[in-house]
Amino acid sequence: MDIFLQQIINGLVVGGIYALIALGYTMVYGILQLINFAHGEIVMIGAMVTISCINFLVGHNVNLSGPVLLTVSIAMAIPVTMLLGYLIERVAYRPLRKAPRMAPLITAIGLSIVLQQAATMIWGKNYVPFPAILPTDVLEIGGASITTLQVAIIILTAVILTGLFLLIERTKLGRAMRATAQSPDVARLMGVNVNTIISMTFMIGSALGAIAGVLVAANYDQAHAYMGFMVGLKAFTAAVLGGIGNLGGAVLGGILLGIIESIGSGYLGDLTGGFLGSQYKDIFAFLVLILVLIFRPSGLMGERVAERA
Amino acid sequence: MNIARYSLIAAAIVALTACGKQEPAQPAAAPASTPAAAASADSVKIGFAGPLTGNIAHIGKDLENGARMAIDNINAAGGADIGGKKVKIELMAEDDQGDPKTATTVAQRFIDQKVVGVVGHLQSGTTIPASKIYSDAGIPQITPSSTAIAYTAQGYKTAFRLIANDGQQGKVLGEYAANKLKVKKVAIIDDRTAYGQGLADEFEKAAKASGLEIVKREFTNDKETDFNSILTSIKSAKPELIFYGGLDAQGAPLKKQAKKLGIKAILMGADAWQTPEFIKLAGADADGTYASIPGQPKEQLPGGQEFLAKFKEKFGGEVQLYAPNSYDAVMVMVDAMKKAGSTEPAKYLPELAKIQFSGGVTGPIAFDEKGDIKDGAISIYQVKGGKWELLEVVGGAAKK
Chain A
143 MDIFLQQIIN
153 GLVVGGIYAL
163 IALGYTMVYG
173 ILQLINFAHG
183 EIVMIGAMVT
193 ISCINFLVGH
203 NVNLSGPVLL
213 TVSIAMAIPV
223 TMLLGYLIER
233 VAYRPLRKAP
243 RMAPLITAIG
253 LSIVLQQAAT
263 MIWGKNYVPF
273 PAILPTDVLE
283 IGGASITTLQ
293 VAIIILTAVI
303 LTGLFLLIER
313 TKLGRAMRAT
323 AQSPDVARLM
333 GVNVNTIISM
343 TFMIGSALGA
353 IAGVLVAANY
363 DQAHAYMGFM
373 VGLKAFTAAV
383 LGGIGNLGGA
393 VLGGILLGII
403 ESIGSGYLGD
413 LTGGFLGSQY
423 KDIFAFLVLI
433 LVLIFRPSGL
443 MGERVAERA
Chain B
329 MNIARYSLIA
339 AAIVALTACG
349 KQEPAQPAAA
359 PASTPAAAAS
369 ADSVKIGFAG
379 PLTGNIAHIG
389 KDLENGARMA
399 IDNINAAGGA
409 DIGGKKVKIE
419 LMAEDDQGDP
429 KTATTVAQRF
439 IDQKVVGVVG
449 HLQSGTTIPA
459 SKIYSDAGIP
469 QITPSSTAIA
479 YTAQGYKTAF
489 RLIANDGQQG
499 KVLGEYAANK
509 LKVKKVAIID
519 DRTAYGQGLA
529 DEFEKAAKAS
539 GLEIVKREFT
549 NDKETDFNSI
559 LTSIKSAKPE
569 LIFYGGLDAQ
579 GAPLKKQAKK
589 LGIKAILMGA
599 DAWQTPEFIK
609 LAGADADGTY
619 ASIPGQPKEQ
629 LPGGQEFLAK
639 FKEKFGGEVQ
649 LYAPNSYDAV
659 MVMVDAMKKA
669 GSTEPAKYLP
679 ELAKIQFSGG
689 VTGPIAFDEK
699 GDIKDGAISI
709 YQVKGGKWEL
719 LEVVGGAAKK
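These protein sequences, in sequence, are chains A and B.
Last residue of the first sequence? That's 451 in our numbering, and every number before it is there in order.
Last residue of the second sequence? That's 728 in our numbering, and every number before it is there in order.
Laid out in structure tokens, this is it:
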């Protein structure tokens with residue numbers, strides 16, 4: 143039982159991170175019907191910039207406690223990724239907005255390669271260790287272990303998601319985003335500056351991506367120029383699972399995917415008598431993707447089209 | 329506006345191509361009068377292949393630097409004396425991305441470019457598929473670091489390696505776990521690459537033969553950083569030691585996550601763990617980890633201290649892992665060419681097979697009938713206070 147609980151906790155932590163990244167995909171898709179494949183690289187750059195900031199601050203003997211140091215560094219990384227998100231939209235997607243849908247998809251993949259290579263030039267090709275500034279206390283809950291960092295990840299994810307929902311549902315900007323998602327032309331007639339709203343969407347998604355990137359790096363204690371690729375694909379799968387374009391769906395999809403992966407890879411070896419082992423962990427994400435695309439292409443919550451933003 | 333811009337670009341292109349054409353015009357005319365073979369005999373290409381991009385690029389680059397250092401040394405002396413001529417060596421370094429498919433493409437490119445020998449590849453997963461292409465073309469291949477038994481078991485006459493193989497390494501580690509660490513229950517994880525799997529299989533064999541109980545065998549892949557589910561299911565089996573067949577970039581997060589999950593078992597890996605990178609990534613949690621490395625410690629190599637100092641001076645970084653081996657691979661290859669008096673692969677290959685090379689950084693080099701290095705030593709290390717410390721050297725020329 144404690145093993146099962148542990149797998150659920152492992153899954154929740156990863157799932158929360160997937161959810162944060164999936165929101166970035168789904169928000170952009172909701173408005174532009176475009177899959178921003180460079181989003182995984184934003185996640186990576188968010189992590190890298192934060193690590194550089196922490197190292198810079200520590201190197202200059204700034205005496206702050208670990209969590210404060212991390213918060214300050216994330217606060218510096220977020221504007222960087224927001225600017226990057228803005229530039230990506232401005233340079234790679236806006237000129238192609240009226241082009242066939244394949245064109246922006248190709249620029250998205252191209253951009254993601256460019257960003258990966260740029261990152262290897264700045265941060266090198268090696269793994270970058272996440273500075274050991276956070277407490278590594280281990281809590282025991284019913285036989286399962288969870289670190290304070292992992293607790294913080296789950297809580298932080300919940301807080302950010304609530305904040306985002308309030309933003310979308312309760313503010314003028316949120317209303318404008320929802321309007322643009324429903325119909326850009328009508329939104330424009332109602333006095334919404336559609337271009338600004340699209341830029342804002344990219345920037346909010348990128349900010350979430352930066353936070354997610356830092357959480358990934360902190361959770362696994364390292365970052366890498368190519369880290370965005372797989373985590374981005376998984377988050378994209380989560381977004382599709384939940385119903386791409388649907389915010390609640392992205393969160394549900396992320397958490398579900400995290401738990402499915404964790405339980406799947408934890409028990410697969412035992413269930414198949416060692417025939418399929420835990421090296422097939424990544425299969426679960428993509429198996430889920432294929433099953434969803436075949437049986438429920440609109441995703442778990444995809445039918446609530448009116449609410450996408 | 330647009331037209332003006334395009335015509336400018338067009339003009340620039342015309343100007344560039346015009347410049348480009350003028351320069352080679354003269355040398356291009358020269359070989360026509362002299363036989364082409366004679367012109368190229370004073371310079372030969374040696375290929376190097378390894379992952380120069382991706383998550384283990386640091387180990388690939390390390391190897392390339394080792395080979396480059398050897399070649400620069402040879403060329404600095406005016407070239408190698410082969411058949412009464414001074415022959416300059418040129419390094420053709422290619423990125424195989426650590427990918428078996430790319431490795432075969434790179435191998436084919438080497439053949440097309442008429443390299444006379446290949447140093448590489450880094451991993452068994454790339455070395456083995458490429459070795460068939462080299463064998464078919466009759467080009468000698470020396471891998472500085474691939475340890476999978478399968479490589480030399482294929483029976484190719486062109487396949488050599490400068491490192492003890494997994495059979496020896498896995499065996500030594502398995503016996504060490506049983507006899508020195510005195511554990512009873514072990515769990516084994518591997519990354520399903522030719523390297524990781526081969527190593528884990530050999531470890532398992534030796535562990536079983538020494539009376540250890542294998543309580544869990546789990547698998548991952550060589551790009552994964554999340555081991556929580558695997559470790560959770562391993563935790564339930566309560567092993568005293570976890571052996572990982574795989575690379576340092578996975579080993580470090582594995583070690584950290586094991587600690588977070590409250591796993592007290594000893595962690596043990598093989599040569600790909602024994603890097604400064606492992607300690608950098610695992611930080612304070614690295615302490616207590618065991619790893620082995622084929623060959624003697626780089627500081628204790630016959631030409632070690634001097635090599636390490638020169639390497640640092642030349643490339644501005646520490647030797648990660650096998651730079652001395654790729655250095656020696658080039659030296660041995662060139663030595664065989666000298667003995668044969670020819671750079672032609674068919675002529676110097678027999679010399680390479682029976683070489684007795686004494687001046688290597690890694691020690692004296694000779695190959696057995698399969699192409700494996702004779703008397704490959706294996707050293708066992710443990711991280712103590714943030715440093716890899718040598719515990720003992722097993723077998724090989726390093727008998728004390």
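Note that CB positions come from ideal geometry on N, CA and C, so glycine has one too.
If you're wondering where the values come from, they're calculated on a predicted model, not measured in any experiment.
Query, Result
"Three-state class that DSSP yields for F531/B in the structure shown", "helix"
"Under 8 Å by beta carbon: chain B residues contacting M372/A", "K551"
"9 Å Cβ cut-off: residues of chain B touching D327/A", "The premise fails here: D327/A is roughly 30 Å from chain B at the closest Cβ pair, so nothing lies under 9 Å."
"Chain-ordered neighbours of K376/A on chain B, where CB pairs are closer than 8 Å", "Within 8 Å Cβ-Cβ: nothing; K376/A doesn't reach chain B, min ~10 Å."
"Candidates I296/A, F198/A and L281/A, of which the one nearest I353/A by Cα", "I296/A"
"In DSSP terms, what G388/B is bridged to", "Answer by DSSP bridge pairing: none, since G388/B is not bridged."
"K453/A at chain B interface by Cβ criterion, 8 Å", "This structure gives no information on residue 453/A, because the portion of chain A shown stretches from 143 to 451."
"Exposed unless 16 or more other CB atoms sit within 10 angstroms - verdict on E403/A", "buried"
"Where S361/B falls: helix, strand or coil (DSSP)", "Any reading at S361/B is ruled out, since the residue's pLDDT is 39, under 50, leaving its predicted position unreliable."
"Proximity below 8 Å, CB of A381/A to CB of T168/A", "yes"
"Residue-chain proximity (V280/A, chain B), Cβ-Cβ < 8 Å", "yes"
"Segments of 4+ residues assigned as alpha helix (DSSP H) that fall wholly inside the stretch 527–598 of chain B", "556–565 and 576–588"
"Contacts of D554/B in chain A (Cβ-Cβ under 7 Å)", "V156 and Y362"
"Buried or exposed (CB count within 10 angstroms, at least 16 for buried), R312/A", "exposed"
"C-beta neighbour in chain B for S215/A, strict 8 Å", "no"
"K445/B, DSSP secondary structure in three states", "According to the sequence shown, residue 445/B is Gly rather than Lys. In this structure, G445/B counts as strand in the three-state DSSP scheme."
"Start-to-end residues for the beta strand (DSSP E) that takes in G375/B", "S371 to G378"
"Beta-carbon spacing of L540/B, A580/B below 8 Å", "no"
"Whole runs of the alpha helix (DSSP H) within the stretch 348–388 of chain A, excluding any shorter than 4 residues", "369–384"
"C-beta neighbour in chain B for P271/A, strict 8 Å", "yes"
"Touching by the beta-carbon criterion (3+ pairs, under 8 Å), the stretch 634–647 of chain B and the stretch 384–401 of chain B", "yes"
"CB contact below 8 Å: E605/B versus chain A", "yes"
"Listed by chain order, chain B residues near Y368/A by CB distance under 7 Å", "G382 and N383"
"8 Å Cβ cutoff, V447/A in contact with chain B", "Since pLDDT at V447/A reaches only 46, below the 50 mark, its modelled position is unreliable, and no value is offered."
"Distance, K499/B Cα to A286/A Cα", "35 Å"
"Rounded separation between P439/A and A360/A - CA only", "34 Å"
"T486/B - containing alpha helix (DSSP H), residue span", "Note, T486/B: premise wrong, no alpha helix (DSSP H); not H, not E."
"Cβ distance (whole Å) where G448/B is taken to contact A385/B below 8 Å", "Not quite, the Cβ-Cβ distance comes to about 14 Å (not below 8 Å), so this is no contact."
"Local conformation of S287/A per DSSP, three classes", "strand"
"Contacts of H386/B in chain A (Cβ-Cβ under 9 Å)", "G266, K267, N268 and Y269"
"Y618/B - partner residues in DSSP beta bridges", "M596/B and Q710/B"
"Selection from K267/A, M263/A and A294/A that minimises the alpha carbon distance to T278/A", "A294/A"
"Beta-carbon gap between L309/A and Y235/A smaller than 8 Å", "no"
"CB-CB length for G524/B against G574/B, believed under 8 Å", "4 Å"
"Where T471/B falls: helix, strand or coil (DSSP)", "strand"
"Beta-carbon proximity of I461/B to T432/B, cut-off 8 Å", "yes"
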